[in-house]
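These protein sequence lines are chains A and B, in that order.
For the first sequence, this note's numbering assigns the number 102 to the initial residue and increments by one for each residue that follows.
For the second sequence, this note's numbering assigns the number 102 to the initial residue and increments by one for each residue that follows.
Cβ coordinates follow ideal geometry from the N, Cα and C atoms, glycine included.
Being a predicted model, the structure only gives us computed values, none of them experimental.
Protein chains: 2
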Amino acid sequence: MKEKGKRKKEKVKSPDASGFAIGVDLGGTNLRIAAVDEGGKLLEKITTDTGIARPRDEVIAEMCRAIQALAKKRKADGKLAGVGVGVPGIIDLKSGMLRGSPNLAGWHDYPVREEIERRLGTRVMLENDANAAALGEKWLGAGREVDDLCMITLGTGVGGGIVLGGRIWHGMTGMAGELGHITVEPEGPPCGCGNRGCLEQFASAKAIERMSRETAAGGNAPALARVAAKRGFSSETVCQMAEAGDSAAQEIFGRVGRALGIVLAGLVNTFNLPMYVIGGGVADAWEMFSPAMLEEVRRRSFVYVATCSGASGPKTVITRARLGSDAGLFGAARLALQGLRG
Amino acid sequence: MKEKGKRKKEKVKSPDASGFAIGVDLGGTNLRIAAVDEGGKLLEKITTDTGIARPRDEVIAEMCRAIQALAKKRKADGKLAGVGVGVPGIIDLKSGMLRGSPNLAGWHDYPVREEIERRLGTRVMLENDANAAALGEKWLGAGREVDDLCMITLGTGVGGGIVLGGRIWHGMTGMAGELGHITVEPEGPPCGCGNRGCLEQFASAKAIERMSRETAAGGNAPALARVAAKRGFSSETVCQMAEAGDSAAQEIFGRVGRALGIVLAGLVNTFNLPMYVIGGGVADAWEMFSPAMLEEVRRRSFVYVATCSGASGPKTVITRARLGSDAGLFGAARLALQGLRG
Chain A
102 MKEKGKRKKE KVKSPDASGF AIGVDLGGTN LRIAAVDEGG KLLEKITTDT GIARPRDEVI
162 AEMCRAIQAL AKKRKADGKL AGVGVGVPGI IDLKSGMLRG SPNLAGWHDY PVREEIERRL
222 GTRVMLENDA NAAALGEKWL GAGREVDDLC MITLGTGVGG GIVLGGRIWH GMTGMAGELG
282 HITVEPEGPP CGCGNRGCLE QFASAKAIER MSRETAAGGN APALARVAAK RGFSSETVCQ
342 MAEAGDSAAQ EIFGRVGRAL GIVLAGLVNT FNLPMYVIGG GVADAWEMFS PAMLEEVRRR
402 SFVYVATCSG ASGPKTVITR ARLGSDAGLF GAARLALQGL RG
Chain B
102 MKEKGKRKKE KVKSPDASGF AIGVDLGGTN LRIAAVDEGG KLLEKITTDT GIARPRDEVI
162 AEMCRAIQAL AKKRKADGKL AGVGVGVPGI IDLKSGMLRG SPNLAGWHDY PVREEIERRL
222 GTRVMLENDA NAAALGEKWL GAGREVDDLC MITLGTGVGG GIVLGGRIWH GMTGMAGELG
282 HITVEPEGPP CGCGNRGCLE QFASAKAIER MSRETAAGGN APALARVAAK RGFSSETVCQ
342 MAEAGDSAAQ EIFGRVGRAL GIVLAGLVNT FNLPMYVIGG GVADAWEMFS PAMLEEVRRR
402 SFVYVATCSG ASGPKTVITR ARLGSDAGLF GAARLALQGL RG
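#1: Answer yes or no: do N281 (chain A) and A304 (chain A) have a C-beta to C-beta separation smaller than 9 Å?
#2: In or out: M360 (chain A) buried (at least 16 other Cβ within 10 Å) or exposed?
#3: Where are the beta strand (DSSP E) runs, 3 residues long or more, that stay fully inside the stretch 229-295 of chain B, in chain order?
#4: Kindly provide the ranges of any alpha helix (DSSP H) runs that are 4 or more residues long and lie completely inside the stretch 378-425 of chain B, ordered along the chain.
#5: Just the C-alpha distance for G355 (chain A) and M389 (chain A), rounded to the nearest angstrom, thanks.
#6: For I363 (chain B), which of B:G262, B:P287, B:K173 and B:V264 has the nearest alpha-carbon?
#7: On the three-pair Cβ rule with 8 Å, is the stretch 326-339 of chain B touching the stretch 367-375 of chain B?
#8: Write down the C-beta distance between G129 (chain A) and L255 (chain A) rounded to the nearest angstrom, noting that I regard them as a contact closer than 8 Å.
#9: Between which residues of its own chain and A349 (chain B) is the CB-CB distance below 6 Å, once the five residues before and five after are set aside?
#10: Short of 8 Å Cβ to Cβ, which residues in the stretch 397-410 of chain A face chain D?
#11: Assess contact between the stretch 200-219 of chain A and the stretch 238-253 of chain A, defined as three or more Cβ pairs (one per stretch) separated by less than 8 Å. Is contact present?
#12: So who's on the other strand from M226 (chain B), going by DSSP bridges?
#13: By Cβ distance, which residues of its chain are closer than 8 Å to R297 (chain B), with the 5 residues on each side in sequence left out?
#14: Going along the chain, which residues of its own chain have a beta-carbon closer than 6 Å to the beta-carbon of A393 (chain B), five neighbours each way excluded?
#15: Between the alpha carbons of I379 (chain B) and R423 (chain B), how many angstroms are there, rounded?
#16: Quick one: which chain B residues come within Cβ less than 9 Å of L374 (chain A)?
#17: Rounding to the nearest angstrom, what Cα-Cα distance links R268 (chain B) and W240 (chain B) in this structure?
#18: Considering only residues of the same chain and omitting the five flanking positions on each side of C409 (chain A), which have a CB-CB separation below 8 Å?
#19: Per DSSP, what kind of secondary structure is A433 (chain B) in: helix, strand or coil?
#20: Going by other Cβ atoms of all chains shown within 10 Å of its Cβ, with 16 needed for buried, is K146 (chain B) buried or exposed?
#21: Tell me the DSSP bridge mates of C340 (chain B)?
#22: On the three-state DSSP scale, how would you describe G362 (chain A)?
#23: Check this for me: beta carbons of R200 (chain A) and G190 (chain A), under 9 Å apart or not?
#24: CA-CA distance, V383 (chain A) and D385 (chain B)?
#25: Is DSSP giving F121 (chain B) helix, strand or coil here?
#26: Count the C-beta pairs between the stretch 136-153 of chain B and the stretch 423-438 of chain A that are closer than 8 Å, then say yes if the count reaches three, no if not.
#27: Mapping DSSP to helix, strand and coil, what is R297 (chain B)?
#28: Can you look up T151 (chain B) in the DSSP assignment and give me helix, strand or coil?
#29: Can you pull the DSSP bridge partners for L132 (chain A)?
#30: Measure the beta-carbon distance from M252 (chain A) to G261 (chain A) and round it to whole angstroms, keeping in mind my assumption that it falls under 8 Å.
#31: Take the Cβ of R332 (chain B) as the centre, count every other Cβ of all protein chains shown within 10 Å, and call the residue buried at 16 or more, exposed below.
#32: Among A:E238, A:C299, A:E352 and A:R224, which one has its Cα closest to the Cα of S426 (chain A)?
#33: So who's on the other strand from L143 (chain A), going by DSSP bridges?
#34: Based on Cα-Cα distance, which residue from B:C294, B:F334 and B:R327 lies nearest to I309 (chain B)?
#35: Whose C-beta lies closer than 6 Å to the C-beta of M342 (chain B) among residues of the same chain, with five residues either side of it excluded?
#36: Which residues of the stretch 168-200 of chain A have a Cβ closer than 9 Å to any Cβ of chain B? Give them in chain order.
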């Protein structure tokens with residue numbers, strides 16, 4: 102177990118920072134750890150193959166070892182302000198435990214934060230990965246110029262994070278920002294969360310694959326049917342087909358955009374924020390889904406119409422994320438620097 | 102014009118407060134003005150028949166006269182902290198102007214706040230009436246024990262107000278909280294806001310009347326058809342019929358509850374607040390729509406399920422408003438006491 106994690110290291114020159122934090126992004130297949138200074142400069146980044154799918158104790162041991170090694174190595178960069186850990190699950194703010202999630206077997210009702218703190222002897226902030234990504238984008242990405250933003254992350258599932266006044270809005274128990282489970286179609290496809298027609302059922306990678314198979318089964322999309330039958334078929338394949346002009350694939354991204362637009366319109370009418378950011382792997386298909394998305398927001402939100410690019414006064418910006426998969430890593434480090442509990 | 106406003110006065114004994122504010126609620130048919138002390142005690146309330154449907158200059162003149170008379174009269178109660186005015190319209194925070202609204206002909210692009218301030222020589226806070234009601238409920242009503250709440254007001258239309266950290270969440274331009282225009286049914290009835298299937302199209306008094314007429318026209322609800330054909334038919338009539346056991350009328354309130362539940366579930370998943378308050382005249386039909394509403398929230402929000410009365414830890418409360426039509430009046434006074442601009 103000890104030497105299992107393959108490491109790729111990226112060294113960056115040390116800045117003159119007065120302190121730094123360590124951000125951790127615990128994904129499905131790998132664990133990434135970065136030292137980031139107060140100015141947002143990446144000091145060093147490590148990637149190991151110990152993702153959350155591996156046994157819990159193994160993941161925690163590897164994580165703590167890597168954090169300690171990195172902290173020791175970066176001692177010259179100043180004081181370690183703390184450690185932030187982004188995790189793909191629902192976190193109970195108070196207890197620092199994960200609530201049940203399909204991807205988190207064995208982590209439920211286990212005192213994750215406490216256990217990491219005990220091993221490291223330092224303060225640890227545990228955070229939902231989409232919340233961490235939203236904070237990362239606010240700090241160093243698309244949202245640098247605003248104090249408030251809402252981010253939707255389109256990955257295997259759909260996550261969300263809300264930043265108000267520069268800080269993550271956690272809500273009462275840390276469960277705020279579950280934007281992927283807002284209803285789009287009241288009688289739509291059932292969702293793992295218990296609801297039907299959630300945004301996640303239309304705008305996640307899994308949903309794109311499901312919709313593609315449904316379309317293929319309909320018999321009127323032969324090219325899509327051929328591709329969908331192959332091994333390794335994924336939402337990226339559908340995106341490539343849409344880009345190449347396949348109308349069935351384009352139609353699927355139209356549905357992605359429409360669902361996102363319905364939810365964004367509701368968020369704009371609710372929050373009236375200066376910025377909404379779309380991130381996650383599926384956001385790479387931005388060109389394919391954003392026209393339908395923006396058309397839908399315009400049609401469904403008079404608050405957007407009153408504040409979009411054609412209007413006078415402050416603007417509502419709907420944009421792509423800028424930090425890619427590093428958003429959560431930076432956000433986790435930022436959390437530690439902010440000293441937020443949770 | 103001078104002596105037109107009929108006044109009903111309610112005197113209350115003066116407290117030992119160090120100051121007071123004047124709250125104004127400018128409704129469709131009347132204008133209500135109250136002096137409220139810092140402890141939330143109502144010192145005096147005046148109602149005139151000069152509502153926002155009357156000519157703009159007449160309304161403003163009457164309002165200012167009544168405010169001045171009340172301020173003079175309550176001089177012994179301490180310093181006048183300011184004046185808050187709740188208006189049924191979208192307010193531009195920065196300019197203090199009203200944005201267009203079907204009920205506000207002649208008020209659009211007119212510097213309402215500036216004009217009132219000029220006449221009174223005192224600071225004036227102009228606020229959307231649903232926002233003011235939400236703040237009133239937080240201060241003295243259902244939300245006294247919480248810092249954060251979301252309120253939906255079911256009146257002729259559907260409004261909303263969000264209170265975070267004890268203050269109204271205005272958003273970037275003061276347009277936040279337009280919860281009545283969140284999409285419930287993407288292909289539902291067209292709404293005046295430009296969208297389709299807004300909450301307002303299912304949960305407002307007007308929507309209840311429309312749905313009743315539609316049901317009556319269907320031919321399978323003879324009792325409802327008889328009532329709907331009469332003069333003075335209103336949502337209250339439908340509520341009385343539902344209470345008396347008419348299944349068609351009950352079905353309509355089931356639809357009201359379902360739509361509210363869909364929107365509330367999204368709000369719970371988004372905000373994770375301790376409290377959601379339902380107010381406005383239609384909330385009097387609480388017993389008729391709340392079972393369907395709560396069932397829908399439970400089905401559609403795992404955040405609610407994790408925090409509802411059966412779960413351990415902090416609770417999500419969904420409840421009726423407590424202050425009735427005075428919520429906006431108290432909230433407007435509170436705004437002035439908080440010294441919030443807008």
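Working from what's here:
#1: Indexing the first sequence from 1 puts residue 281 (chain A) at position 180. Indexing the first sequence from 1 puts residue 304 (chain A) at position 203. Correcting the residue identity first, residue 281 (chain A) is Gly in this sequence and not Asn. Taking the C-beta atoms as reference points, A304 (chain A) is found nearer than 9 Å to G281 (chain A).
#2: In the first sequence, the residue the question calls residue 360 (chain A) occupies position 259. The identity of residue 360 (chain A) in the sequence shown is Ala, whereas the question assumes Met. Under a 10 Å Cβ-count criterion, A360 (chain A) is classified as buried, with 16 or more other Cβ atoms of the shown protein chains found around its own Cβ.
#3: As far as the stretch 229-295 of chain B is concerned, its whole beta strand (DSSP E) runs of at least 3 residues are 250-255 and 259-265.
#4: 387-401 and 403-408, all fully within the stretch 378-425 of chain B.
#5: Taking the first sequence and counting its residues from 1, the one referred to as residue 355 (chain A) is at position 254. Taking the first sequence and counting its residues from 1, the one referred to as residue 389 (chain A) is at position 288. Straight-line spacing of the CA atoms in G355 (chain A) and M389 (chain A) works out to 7 Å.
#6: One-based indexing of the second sequence puts residue 363 (chain B) at position 262. When only C-alpha atoms are compared, the closest one is B:P287.
#7: The stretch 326-339 of chain B, when compared against the stretch 367-375 of chain B, does not touch it at the 8 Å Cβ threshold.
#8: Taking the first residue of the first sequence as position 1, residue 129 (chain A) is located at position 28. Taking the first residue of the first sequence as position 1, residue 255 (chain A) is located at position 154. No, G129 (chain A) and L255 (chain A) are not in contact; Cβ-Cβ is about 15 Å, not under 8 Å.
#9: The residue given as residue 349 (chain B) occupies position 248 in the second sequence. For A349 (chain B), where only same-chain residues beyond five positions count, the Cβ hits under 6 Å are T316, A322 and L325.
#10: Judged by its chain identifiers, the structure shown contains no chain D, and its protein chains are A and B.
#11: In this structure the stretch 200-219 of chain A does not lie against the stretch 238-253 of chain A, because fewer than three pairs of beta carbons, one per stretch, are closer than 8 Å.
#12: For the purposes of this step, residue 226 (chain B) is taken as residue 125 along the second sequence, with counting starting at 1. B:G185.
#13: Taking the second sequence and counting its residues from 1, the one referred to as residue 297 (chain B) is at position 196. Non-local beta-carbon contacts of R297 (chain B) in its own chain, meaning distances under 8 Å to residues more than five positions away in sequence, involve T284, E286, P287, E288, G289, P290 and P291 in chain order.
#14: What you label residue 393 (chain B) is simply residue 292 of the second sequence in a count that begins at 1. Here the set comprises G355, G358 and R359.
#15: On the second sequence, position 278 is the one that residue 379 (chain B) refers to. On the second sequence, position 322 is the one that residue 423 (chain B) refers to. Distance between the alpha carbons of I379 (chain B) and R423 (chain B) is about 9 Å.
#16: Translated into positions along the first sequence, residue 374 (chain A) becomes position 273. G272, M273 and A277, listed in chain order.
#17: Residue numbering aside, residue 268 (chain B) sits at position 167 when the second sequence is read from its first letter. Residue numbering aside, residue 240 (chain B) sits at position 139 when the second sequence is read from its first letter. Between the alpha carbons of R268 (chain B) and W240 (chain B) lies a gap of roughly 10 Å.
#18: Here residue 409 (chain A) refers to the residue found at position 308 when the first sequence is read from its first residue. The beta carbon of C409 (chain A) sits closer than 8 Å to those of R399, K416 and T417, all from its chain and outside the five residues before and after it, given in chain order.
#19: Residue mapping note: residue 433 (chain B) aligns to position 332 of the second sequence, counting from 1. DSSP places A433 (chain B) in the helix class (H, G or I) of the three-state scheme.
#20: Position 45 of the second sequence, counted from the first residue, corresponds to residue 146 (chain B). Counting Cβ neighbours within 10 Å, K146 (chain B) comes out buried, since at least 16 surround it.
#21: What you label residue 340 (chain B) is simply residue 239 of the second sequence in a count that begins at 1. According to DSSP, which records beta bridges pairwise, C340 (chain B) is partnered with nothing at all.
#22: Working through the first sequence from its first residue, we reach residue 362 (chain A) at position 261. In this structure, G362 (chain A) counts as helix in the three-state DSSP scheme.
#23: Translated into positions along the first sequence, residue 200 (chain A) becomes position 99. Translated into positions along the first sequence, residue 190 (chain A) becomes position 89. Closer than 9 Å, so yes.
#24: Here residue 383 (chain A) refers to the residue found at position 282 when the first sequence is read from its first residue. Here residue 385 (chain B) refers to the residue found at position 284 when the second sequence is read from its first residue. The straight-line gap from Cα to Cα measures roughly 45 Å.
#25: Sequence index remark: in the second sequence, residue 121 (chain B) carries index 20 (1-based). Strand at F121 (chain B).
#26: No, the stretch 136-153 of chain B does not touch the stretch 423-438 of chain A.
#27: As a position in the second sequence, residue 297 (chain B) is number 196, starting the count at 1. Strand at R297 (chain B).
#28: The count along the second sequence starts at 1 and reaches residue 151 (chain B) at position 50. In the structure shown, T151 (chain B) adopts coil according to DSSP, grouped into three states.
#29: Residue numbering aside, residue 132 (chain A) sits at position 31 when the first sequence is read from its first letter. According to DSSP, L132 (chain A) bridges with A:L127 and A:T149.
#30: In the first sequence, counting from the first residue as 1, residue 252 (chain A) sits at position 151. In the first sequence, counting from the first residue as 1, residue 261 (chain A) sits at position 160. Yes, M252 (chain A) and G261 (chain A) are in contact; Cβ-Cβ is about 7 Å, under 8 Å.
#31: Position 231 of the second sequence, counted from the first residue, corresponds to residue 332 (chain B). A residue is called buried once 16 or more other Cβ atoms fall within 10 Å of its Cβ, and R332 (chain B), having fewer, is exposed.
#32: Reading the first sequence from its first residue, position 325 is the one you call residue 426 (chain A). With distances taken between Cα atoms, S426 (chain A) lies closest to A:E238.
#33: Counted from its first residue, the first sequence places residue 143 (chain A) at position 42. In the DSSP output, where bridge partners are listed per residue, L143 (chain A) has A:V137.
#34: The residue you call residue 309 (chain B) lines up with position 208 of the second sequence. Among B:C294, B:F334 and B:R327, the Cα nearest to that of I309 (chain B) is on B:F334.
#35: Residue 342 (chain B) sits at position 241 when you count from the first residue of the second sequence. Same-chain partners within the cutoff: A350.
#36: Taking 9 Å as the Cβ-Cβ cut-off against chain B, the residues of the stretch 168-200 of chain A that qualify are I191, D193, K195, S196 and R200.
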